[in-house]
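Residue 209 in our numbering sits at position 226 of the sequence shown; the count goes up by one each step and never skips.
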Amino acid sequence: MNLAPIVLFVYKRYDLTLQTLNALIRNYLADNSDLIIISDAPKTEDDLIRVKKVRKLIKDVKGFRSLEIIERDSNLGLSGSIINGVTDIVNIFGKVIVLEDDLLTGKFFLRYMNDGLNTFHDSEEVISIHGFVYPLKIQLPETFFIKGADCWGWATWKRGWNLFEENGSKLLNKIDSENLKEEFDFGGNANYYKMLSDQVKNKIDSWAIRWYASAFIANKLTLYPGKTLINNIGFANDATHTKIQINYNSPLYQDQIKVEKIAVEENRLAREEFVNYFKEIKGGIMKKITDYLRSKMDFNLKKLR
């Protein structure tokens, strides 16, 4: 199997980075995979010690076919670091698996990602593969497609990332001109339009909302697993904005997800369940999740990390 390189973005959260690495090392295919770790530079003097501690940790990482560490000399912020890092790596290798330092992976996450990348390599309608799925109330298919793209443990090809539009104003204007706001917000139950509007107004600096909007406007699909292979552990006690417990993680699935060639079309039942989930938590957990995402990606405001 032609395995995709893994890129892991880290900053100053030692404990979460350690947990993320320990889970990733236990993955099937880890020892045959190339790992690239990108460490952003400290934004302030207060961050310097913590960044150095994380950089010392990643230098001792073993268990992968190869390890490359890229230490930024200046702080790009999460958005800049991810956009630049993914662009550089996907241009070299043609495909990439992307993780951040607060994501626990199930043991077959890498297998699922590589199977997805290989199975749908030639399917132009498919923009990415995603490892996380919300705790929905029905049993979902083994895999399914949803329109758009996502950001918690994902993979793409160069042809997919080439569609990423960095200019949020262009994306917002397209959504407005084609009256896509309600669909973009899953029937008006998510806050994604507001996130994109805030990005355009420079209130936040979110790469993820632009990635979702880019895929959505291009009418592209992302493959999801029926059971989650990712748990987000970033809602931590040291978080500036979200010192809370949020019920958005399902039990981390530790068995293999079988990836087969399925019809390349949005699964309407799965989309309805996404809508129902957002509707149920609207104004409550959904607001907290989007506040978390906004604060984590916002490097013009007080940061989460």
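Even for Gly, the Cβ is constructed at its ideal location relative to N, Cα and C.
{"Query": "Quick test of your reading: G136 and L(-1), contact by CB under 8 Å. State the CB separation rounded to the nearest angstrom.", "Result": "Wrong, their Cβ atoms sit about 14 Å apart, outside the cutoff."}
{"Query": "Helix, strand or coil for Y211 per DSSP?", "Result": "Looking at the sequence shown, residue 211 is not Tyr but Thr. Of the three classes helix, strand and coil, the one that applies to T211 here is coil, per DSSP."}
{"Query": "Spatial neighbours of L179 within its chain, please: C-beta separation below 7 Å, excluding the five flanking residues on both sides.", "Result": "G151, L154, L155, I192 and A196"}
{"Query": "Any idea if P(-12) is buried or exposed, counting beta-carbon neighbours within 10 angstroms, 16 or more meaning buried?", "Result": "buried"}
{"Query": "So for F289, helix, strand or coil by DSSP?", "Result": "Here the chain comprises residues numbered -16 to 288, so residue 289 is not present and cannot be evaluated."}
{"Query": "Excluding five sequence neighbours on each side, which residues of the same chain lie with their C-beta closer than 7 Å to the C-beta of D26?", "Result": "In the sequence under discussion, the amino acid at residue 26 is Lys, which differs from the Asp named in the question. Correct list, in chain order: N58."}
{"Query": "In whole angstroms, what is the alpha-carbon distance linking K157 and R94?", "Result": "36 Å"}
{"Query": "Can you tell me which residues form a DSSP beta bridge with W140?", "Result": "K78"}
{"Query": "Counting C-beta neighbours from all protein chains within 10 Å, is the total for H113 16 or more, i.e. buried, or is it exposed?", "Result": "buried"}
{"Query": "So what's T88 in DSSP terms, helix, strand or just coil?", "Result": "strand"}
{"Query": "Indicate the three-state DSSP secondary structure (helix, strand or coil) for F261 in the structure shown.", "Result": "helix"}
{"Query": "On the DSSP bridge list, what partners appear for V247?", "Result": "Note: V247 sits in no beta bridge, so no partner."}
{"Query": "When burial is assigned at 16 or more other CB atoms within 10 Å of the CB, is R(-4) buried or exposed?", "Result": "buried"}
{"Query": "Specify, as a first and last residue, the run of the alpha helix (DSSP H) that T126 falls within.", "Result": "That residue, T126, is in no alpha helix (DSSP H); its beta strand (DSSP E) goes T126 to K130."}
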